[in-house]
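Each remark here refers to the structure printed beneath this line.
Residue numbers (my numbering), protein chains in the order written: chain A, 990 to 1218; chain B, 990 to 1218.
Laid out in structure tokens, this is it:
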């Protein structure tokens, strides 16, 4: 078994990004946590190391974290998505896969977290695809997993992750990483434009959560056993 | 126990409407199946009777079916929703609840069933609320239940139904009816405007179904036991 590829997480000090870093480090993958501020990223890497003693994790500036491996997660608030993508233009290179987990909640413009903004490109994921350098493939995923649950290693997850993208190969690679997290089942939801519908699940779950004081997740019923043949 | 209230189903000869009529008749409820054409409604009522020998079911014109009970289901294609609501203006009366199951798929305008149209009011349900007579309350529900599964009594269902509306009392009444169908769990998803996000689940499931040749349904994880206190 050769050395495993590093997973870069832009916005790795935020709730979702940190949860991802923690879970993927616990699964034995080398992680590059990115932040606007390298010292905050280092601090987050330290917190991962406290919980996962043998973690291979480093903290870097976002743009540097984005160069560390073939698959990079973008886990930033929608308000900062466009700015982050501009900053990554010189960092991302042809052949990389960018996993966009951004949700255009109206909260980004001081509206409600139970409402979705209209994004000119159709969805945050399509905005990402428009902004990444040529040859970088965007996959949309991880909109419905509770950051709170992800960030607590002892929380048993049991839900689906809808994955959308125009490249089946890129989706498969992302699905493989998601499958490393116990209790998450990736489901191929179709082309990248489907992200528009998937991103709407987040404000919908927030609405349900407000009502029931819960951290709801999504599961699809009626699917076959083997989802990634 | 007094006589039970009749449930009206506008568009009860369509796939979803017929499935609802069949399941609710099997649960012992009197049903008024509506259709543009009364003879087609009678024919559908006959088909319910073949499968549910003790069914109390009649076939009527849509507008008449809509007067038969306090809760009326609207199960018509989006293309015909506005026309149907216009025709119901003289039939629906104050105090009734209209359950809108319409999904504004782009297929309504010869586009794809994996895409959602933008509706000026925000959602098909909000369009319904704008068009019903004063005092009629719209509840949005039943967008993700496969009509194919509903129409086969022997198919064991096991999924959630997201229910949205501005009146908690109206939502509770609808939830009670949905709960009569074995294997369906109604979940309060919030205010009527949430229908915009819920309606998006249908093209999303259609996209997943195309990929996996499945009839996927939705379930939410992490919710409390008692959803309708």
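Here a beta-carbon is modelled for each residue, glycine too, at the ideal position from N, C-alpha and C. Just so you know, these numbers come straight off a predicted model, no measurement behind them.
I need the boundaries of the alpha helix (DSSP H) containing residue i, first residue and last residue.
i                       : result
residue 1075 of chain B : 1067–1076
residue 1138 of chain A : 1136–1139
residue 1191 of chain A : 1190–1201
residue 1119 of chain B : 1113–1120
residue 1053 of chain A : 1051–1054
Beta-carbon separation of residue i and residue j under 7 Å?
i                       : j                       : result
residue 997 of chain B  : residue 1078 of chain B : no
residue 1090 of chain B : residue 1131 of chain B : yes
residue 1002 of chain A : residue 1021 of chain A : no
residue 1106 of chain B : residue 1189 of chain A : no
residue 1149 of chain B : residue 1181 of chain B : no
residue 1042 of chain A : residue 1103 of chain A : no
residue 982 of chain B  : residue 1038 of chain B : An answer regarding residue 982 of chain B cannot be provided, because it is not within the stretch 990 to 1218 covered by chain B.
residue 1120 of chain A : residue 1049 of chain A : no
residue 1111 of chain B : residue 1147 of chain B : no
residue 1088 of chain A : residue 1128 of chain A : yes
residue 1184 of chain A : residue 1114 of chain A : yes
residue 1118 of chain A : residue 1108 of chain A : no
residue 1094 of chain A : residue 999 of chain A  : no
residue 1133 of chain A : residue 1194 of chain A : yes
residue 1012 of chain A : residue 1139 of chain A : yes
Distance, Cα to Cα, residue i vs residue j?
i                       : j                       : result
residue 1081 of chain A : residue 1123 of chain B : 56 Å
residue 1016 of chain B : residue 1166 of chain B : 9 Å
residue 1076 of chain A : residue 1032 of chain A : 22 Å
residue 1142 of chain B : residue 1040 of chain B : 8 Å
residue 1202 of chain B : residue 1211 of chain A : 10 Å
residue 1153 of chain A : residue 1198 of chain A : 24 Å
residue 1178 of chain A : residue 993 of chain B  : 42 Å
residue 991 of chain A  : residue 1018 of chain A : Low local confidence applies: a pLDDT of 49 at residue 991 of chain A is under 50, so the model's placement there is unreliable, and no value is given.
residue 1036 of chain A : residue 1024 of chain A : 14 Å
residue 1162 of chain A : residue 1205 of chain B : 23 Å
residue 1099 of chain B : residue 1004 of chain B : 19 Å
residue 1085 of chain B : residue 1200 of chain A : 25 Å
residue 1101 of chain B : residue 1026 of chain B : 28 Å
residue 1067 of chain A : residue 1092 of chain A : 6 Å
residue 1157 of chain A : residue 1216 of chain A : 12 Å
residue 1208 of chain A : residue 1174 of chain A : 9 Å
residue 1070 of chain A : residue 1159 of chain B : 40 Å
residue 1046 of chain B : residue 1097 of chain B : 30 Å
residue 1006 of chain B : residue 1065 of chain B : 8 Å
residue 1051 of chain A : residue 1061 of chain A : 10 Å
residue 1014 of chain B : residue 1083 of chain A : 59 Å
residue 1034 of chain A : residue 1196 of chain B : 38 Å
residue 1214 of chain B : residue 1054 of chain B : 35 Å
residue 1168 of chain B : residue 1059 of chain A : 48 Å
residue 1126 of chain A : residue 1170 of chain A : 22 Å
residue 1164 of chain A : residue 1218 of chain B : 38 Å
residue 1072 of chain A : residue 1010 of chain A : 22 Å
Which stretch, first to last residue, makes up the beta strand (DSSP E) that contains residue i?
i                       : result
residue 1060 of chain A : 1060–1063
residue 1015 of chain A : Careful: residue 1015 of chain A lies outside any beta strand (DSSP E), inside the alpha helix (DSSP H) at 1004–1015.
residue 1030 of chain B : Unbroken run through residue 1030 of chain B is the alpha helix (DSSP H), 1027–1040; no beta strand (DSSP E).
residue 1099 of chain B : Unbroken run through residue 1099 of chain B: none, as it is neither H nor E.
residue 1208 of chain A : 1206–1210
residue 1108 of chain B : No beta strand (DSSP E) holds residue 1108 of chain B; DSSP gives it neither H nor E.
residue 1087 of chain A : 1086–1089
residue 1127 of chain B : 1126–1129
residue 1023 of chain B : 1020–1024
residue 1092 of chain B : Premise fails: residue 1092 of chain B is in no beta strand (DSSP E) and is neither H nor E.
residue 1079 of chain A : That residue, residue 1079 of chain A, is in no beta strand (DSSP E); it is neither H nor E in DSSP.
residue 1001 of chain A : Note, residue 1001 of chain A: premise wrong, no beta strand (DSSP E); not H, not E.
Which complete beta strand (DSSP E) runs does the stretch 1154–1183 of chain A hold, if anything under 3 residues is left out? Entirely contained in the stretch 1154–1183 of chain A, the beta strand (DSSP E) runs reaching 3 residues are, in chain order, 1173–1179.
The stretch 1096–1108 of chain A: positions lying closer than 7 Å to chain B by Cβ: Residues of the stretch 1096–1108 of chain A with a Cβ closer than 7 Å to any Cβ of chain B, in chain order: 1103, 1105.
The stretch 1203–1214 of chain A: which residues have C-beta closer than 8 Å to a C-beta of chain B, in chain order? Considering only beta carbons, the part of the stretch 1203–1214 of chain A lying closer than 8 Å to chain B consists of 1203, 1204, 1205, 1206, 1207, 1208, 1209, 1210, 1211, 1212, 1213, in chain order.
Positions along the stretch 1154–1166 of chain A whose CB lies within less than 9 Å of some CB in chain B: Taking 9 Å as the Cβ-Cβ cut-off against chain B, none of the residues of the stretch 1154–1166 of chain A qualify.
Near-chain B residues of the stretch 1176–1193 of chain A - C-beta to any C-beta below 7 Å: 1176, 1177, 1178, 1179, 1183, 1186, 1187, 1189, 1192, 1193
Under 7 Å, CB to CB, which of the residues in the stretch 1139–1155 of chain B have a partner in chain A? Near chain A, meaning a CB-to-CB distance below 7 Å, the residues of the stretch 1139–1155 of chain B are 1147, 1148.
For the stretch 1105–1139 of chain B, which residues have a CB atom closer than 9 Å to at least one CB atom of chain A, in sequence order? 1105, 1107, 1135, 1138
Any C-beta of chain A within less than 8 Å: which residues of the stretch 1017–1042 of chain B qualify? If the cut-off is 8 Å between Cβ atoms, the stretch 1017–1042 of chain B has nothing near chain A.
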